[in-house]
Amino acid sequence: MSESIALLTIFVLAAFVGVEVISKVSSTLHTPLMSGANAIHGVILVGAIIVTGAADSAIVVAVGLLAVVLATVNMVGGFVVTDRMLEMFKGPGARKKELHK
Amino acid sequence: MIPTWAQIGYLVSAVCFIVALKALSSPRSARTGNLIGAAGAVLAVIITFAAYKPDHLAPILIALAIGTVGGVVGSRRVQMTQMPQLVALFNGVGGGAAALVALLELGEISSDATVSAIATAFTIVVGAVSFSGSVVTFAKLQELMTTRPVTFPGLPVLFVASLLGGVALAVWLVSDPRVWVGVLLCLLGLAIGVMLVLPVGGADVPIVISLLNAFTGLTVAAGGYVLGNTLLLVAGTLVGAAGTLLTKLMADAMGRSVFNILFGAVRGGSTLGGGTASDRPVISAGPEDVAILLGYANKVIIVPGYGLAVAQAQHTLRDLVEELQGRGVKVDYAIHPVAGRMPGHMNVLLAEAQVPYDQLREMDDINGDFKTTDVVLVVGANDVVNPAARTTPSAPIYGMPILNADEAQRVIFLKRSMRPGFAGIENELLYDPKTTLLFGDARDSLTKLLAALKTV
Chain C
1 MSESIALLTI
11 FVLAAFVGVE
21 VISKVSSTLH
31 TPLMSGANAI
41 HGVILVGAII
51 VTGAADSAIV
61 VAVGLLAVVL
71 ATVNMVGGFV
81 VTDRMLEMFK
91 GPGARKKELH
101 K
Chain E
102 MIPTWAQIGY
112 LVSAVCFIVA
122 LKALSSPRSA
132 RTGNLIGAAG
142 AVLAVIITFA
152 AYKPDHLAPI
162 LIALAIGTVG
172 GVVGSRRVQM
182 TQMPQLVALF
192 NGVGGGAAAL
202 VALLELGEIS
212 SDATVSAIAT
222 AFTIVVGAVS
232 FSGSVVTFAK
242 LQELMTTRPV
252 TFPGLPVLFV
262 ASLLGGVALA
272 VWLVSDPRVW
282 VGVLLCLLGL
292 AIGVMLVLPV
302 GGADVPIVIS
312 LLNAFTGLTV
322 AAGGYVLGNT
332 LLLVAGTLVG
342 AAGTLLTKLM
352 ADAMGRSVFN
362 ILFGAVRGGS
372 TLGGGTASDR
382 PVISAGPEDV
392 AILLGYANKV
402 IIVPGYGLAV
412 AQAQHTLRDL
422 VEELQGRGVK
432 VDYAIHPVAG
442 RMPGHMNVLL
452 AEAQVPYDQL
462 REMDDINGDF
472 KTTDVVLVVG
482 ANDVVNPAAR
492 TTPSAPIYGM
502 PILNADEAQR
512 VIFLKRSMRP
522 GFAGIENELL
532 YDPKTTLLFG
542 DARDSLTKLL
552 AALKTV
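Residue numbers (our numbering), protein chains in the order written: chain C, 1 to 101; chain E, 102 to 557.
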């Protein structure tokens, strides 16, 4: 039971951290933030690998591999597309520099 | 069990995710933050391979490769205007993966682990909701189906019945963890997801993406509980909490409650206006006249909307603004929080055209300036300057904060046609005597304006 309590504690504390870290985000960044958070939950990939790796029937392996593919698309695609968006956010003067190149 | 070094490695990953979210909150640090998050994710995957030593290594690596190629190609090819759809799709596959993982875990649960069984049932049903909901969202945004709210008479009853059925199946699953009950629960979850998103109108769909994003986070957290994996628990909870807050922030920006967005159409309250395209007279003008208005103004505010992005006219707009600035006109961009199709979407689209983000002013900051502005140039936007949000309680957008374009001396709309905006309602401002319309594709019109401006 003590392990359950430990996990519950982690859950509650993480929830507070989650709210706290993004409480002051400007609406300028809502889209990249949503996309970035989206990429982070792609870490379910870890779960998919664990389950597939422990499987002993063909059907479980097959479903597990499907989960691995889906989770990888979520994770990799999420981070890449977020980077593509953020790459374009440039501060004052950045355009001038680019023109002088 | 999991060795200590792996636990510590997972902790490092979790900290990476927290730092990433924090850094994503500011334009200066956002890109670094995202890379830190990606590094944390890669670390987590490497640790998992090393610590769990999974069987079927070759197929897993192939699956990883397929997923990577799919993810990279999808995110490289997508146009910035299609970003909301892509985020919805990525979110959906994540939720689907979580539901599948939970289904497979069902076989492993011993009958006395009640809490694990509850978490598993939760992951299956919510993961499935997130998957099918995201797919419907994608279809709406990609306009594969109507963007209007879809309801039918029995929908509320069916929805509630499905929810109750879901609870019943979940209880069954907890008392007797059998895989086929899990599969049934998964199918029911898929149906609930479809019914949840169908009644939501196109303009509100981005809020739903954010909500489903939070859902997926929570399913990942529950999956982490089942697997006893602290990283999944922390990462999922972070996204669940941050996603919930973000959803609320976005809904606030639209002046709506999340409940109203999800169930407004079902309750019959705020369905779309009939879109009565009237033939009332409007004042339209050619590019030369509009160029004179702009060129001899002291202060101009640009209100960009989704139509600008569809016409791929961001670069032309930027050139026009630079020409105006060269003539000594003070120009600002007024960015409505939900301009585009997703909160913050317009900022991304203009960033793509290399408009420095300090020229983009948020609604609360700029709304007081319209009174002293000579000309407001509305490019491909409609609902975000529609005074009906202030004056007409029956309008679906009533209560949404808008840009006070109607307070300026003159208003110019660049529009393709008199078709109403995404919310499907008439805009009174179009018929105002101080409003001038320039019809045409946004890029064509802006190009002509730019040419005309150089001659006046």
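Cβ atoms here follow ideal geometry from the backbone N, Cα and C, with glycine treated the same way.
At a Cβ threshold of 8 Å, is residue i touching chain E?
i: residue 9 of chain C; result: no
i: residue 2 of chain C; result: no
i: residue 5 of chain C; result: no
i: residue 14 of chain C; result: yes
i: residue 37 of chain C; result: yes
i: residue 67 of chain C; result: yes
i: residue 58 of chain C; result: no
Would residue i and residue j qualify as a contact pair, given that the criterion is a beta-carbon distance under 8 Å?
i: residue 55 of chain C; j: residue 61 of chain C; result: yes
i: residue 323 of chain E; j: residue 275 of chain E; result: no
i: residue 406 of chain E; j: residue 482 of chain E; result: yes
i: residue 64 of chain C; j: residue 52 of chain C; result: yes
i: residue 337 of chain E; j: residue 321 of chain E; result: yes
i: residue 224 of chain E; j: residue 450 of chain E; result: no
i: residue 325 of chain E; j: residue 340 of chain E; result: no
i: residue 414 of chain E; j: residue 547 of chain E; result: yes
i: residue 256 of chain E; j: residue 270 of chain E; result: no
i: residue 46 of chain C; j: residue 169 of chain E; result: no
i: residue 279 of chain E; j: residue 83 of chain C; result: no
i: residue 464 of chain E; j: residue 504 of chain E; result: yes
i: residue 137 of chain E; j: residue 21 of chain C; result: no
i: residue 477 of chain E; j: residue 436 of chain E; result: no
i: residue 231 of chain E; j: residue 283 of chain E; result: no
i: residue 107 of chain E; j: residue 42 of chain C; result: no
i: residue 250 of chain E; j: residue 174 of chain E; result: no
i: residue 234 of chain E; j: residue 313 of chain E; result: yes
i: residue 423 of chain E; j: residue 472 of chain E; result: no
Could you check whether the Cβ of residue i sits closer than 8 Å to any Cβ belonging to chain C?
i: residue 155 of chain E; result: yes
i: residue 288 of chain E; result: no
i: residue 446 of chain E; result: yes
i: residue 458 of chain E; result: yes
i: residue 233 of chain E; result: no
i: residue 118 of chain E; result: yes
i: residue 123 of chain E; result: yes
i: residue 239 of chain E; result: no
i: residue 434 of chain E; result: no
i: residue 491 of chain E; result: no
i: residue 296 of chain E; result: no
i: residue 146 of chain E; result: yes
i: residue 311 of chain E; result: yes
i: residue 461 of chain E; result: yes
i: residue 405 of chain E; result: no
Using the Cβ count rule (16 or more neighbours within 10 Å means buried), how would you classify residue i?
i: residue 516 of chain E; result: buried
i: residue 419 of chain E; result: buried
i: residue 429 of chain E; result: exposed
i: residue 186 of chain E; result: buried
i: residue 241 of chain E; result: buried
i: residue 111 of chain E; result: buried
i: residue 126 of chain E; result: buried
i: residue 551 of chain E; result: buried
i: residue 191 of chain E; result: buried
i: residue 375 of chain E; result: Annotation note: pLDDT 43 at residue 375 of chain E (below 50); position unreliable, no value reported.
i: residue 556 of chain E; result: exposed
i: residue 568 of chain E; result: A query on residue 568 of chain E cannot be resolved here, the shown segment of chain E reaching from 102 to 557 and no further.
i: residue 109 of chain E; result: exposed
i: residue 104 of chain E; result: exposed
i: residue 79 of chain C; result: buried
i: residue 33 of chain C; result: buried
i: residue 384 of chain E; result: exposed
i: residue 402 of chain E; result: buried
Any idea which residues DSSP pairs residue i with across the strands?
i: residue 16 of chain C; result: Answer by DSSP bridge pairing: none, since residue 16 of chain C is not bridged.
i: residue 431 of chain E; result: E:400
i: residue 239 of chain E; result: Answer by DSSP bridge pairing: none, since residue 239 of chain E is not bridged.
i: residue 360 of chain E; result: BP columns for residue 360 of chain E are empty, so no partner.
i: residue 537 of chain E; result: E:513
i: residue 288 of chain E; result: None, per the DSSP bridge assignment.
i: residue 436 of chain E; result: E:463
i: residue 485 of chain E; result: Answer by DSSP bridge pairing: none, since residue 485 of chain E is not bridged.
i: residue 479 of chain E; result: E:404 and E:514
i: residue 35 of chain C; result: In the DSSP output, where bridge partners are listed per residue, residue 35 of chain C has none listed.
i: residue 311 of chain E; result: Bridge partners of residue 311 of chain E: none, in fact.
Taking 7 Å as the cut-off, is the CB of residue i close to at least one heavy atom of the ligand NAP?
i: residue 162 of chain E; result: Only the bare structure without any ligand can be found here, which leaves the ligand NAP out of the picture.
* Let me know the beta strand (DSSP E) ranges lying completely inside the segment 161–226 of chain E, each 3 residues or longer, listed in chain order. => Taking 3 residues as the shortest admissible run, the segment 161–226 of chain E contains no complete beta strand (DSSP E) segment at all.
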